[in-house]
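Trainee: Got a structure for you, written out below as structure tokens; questions coming shortly.
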Amino acid sequence: MNGEKIENGNKDDPLDISSINFNSEAYLSNLFRKKNLDELVQVEEDMINNVRRLDSEMQQLVYENYNKFLTATSTVKKMQSDFMEMGQKMESLSKRMSKIATLSKDLSSAFSKHRANVSQLSDANKK
1 MNGEKIENGN
11 KDDPLDISSI
21 NFNSEAYLSN
31 LFRKKNLDEL
41 VQVEEDMINN
51 VRRLDSEMQQ
61 LVYENYNKFL
71 TATSTVKKMQ
81 SDFMEMGQKM
91 ESLSKRMSKI
101 ATLSKDLSSA
111 FSKHRANVSQ
121 LSDANKK
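Residue 89 in UniProt numbering sits at position 89 of the sequence shown, and the numbers go up by one each step.
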């Protein structure tokens, strides 16, 4: 696209193909006025090459983003699975801790009955 952009690079210029205010009819009219047939053919070839290049770049971006999306999806699924497994392990641990607390309480109450006797025997032995 050699020479078809405005020299000052004004992004508001309707003849600048990169401008948000680009006007295709004014652009073509300007080209037809300023370029001979060989130059117009060259402009067309440049545009075709640029379209192909941009299309290829866009396909590459889509492919890269799709791969990132697949990787992210896989990671999220693995995290969900890991959290479910961790939740199950935490529930199992909680049940075991409750059982340990119950057994500890039972042992404490069983030993408390004999604690007084052991204390008396220990005191008698010390004398």
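Just so you know, even glycine gets a beta-carbon here, dropped at the ideal spot from N, CA and C. Predicted model only: the values in this text are computed from it and were never measured.
Thinking V41 and L31 are a contact (beta carbons under 8 Å), I'd like their distance in whole angstroms, please.
Mentor: Rounded, the Cβ-Cβ distance is 11 Å, inconsistent with contact.
Trainee: For I20, tell me which candidate among K11, A26, L28, L54 has the shortest Cα-Cα distance.
Mentor: Of the listed residues, the one whose Cα sits closest to I20 is K11.
Trainee: Which first and last residues belong to the alpha helix (DSSP H) in which S24 is found?
Mentor: Residues 24-34.
Trainee: Quick one: grab the DSSP three-state call for I48.
Mentor: Helix.
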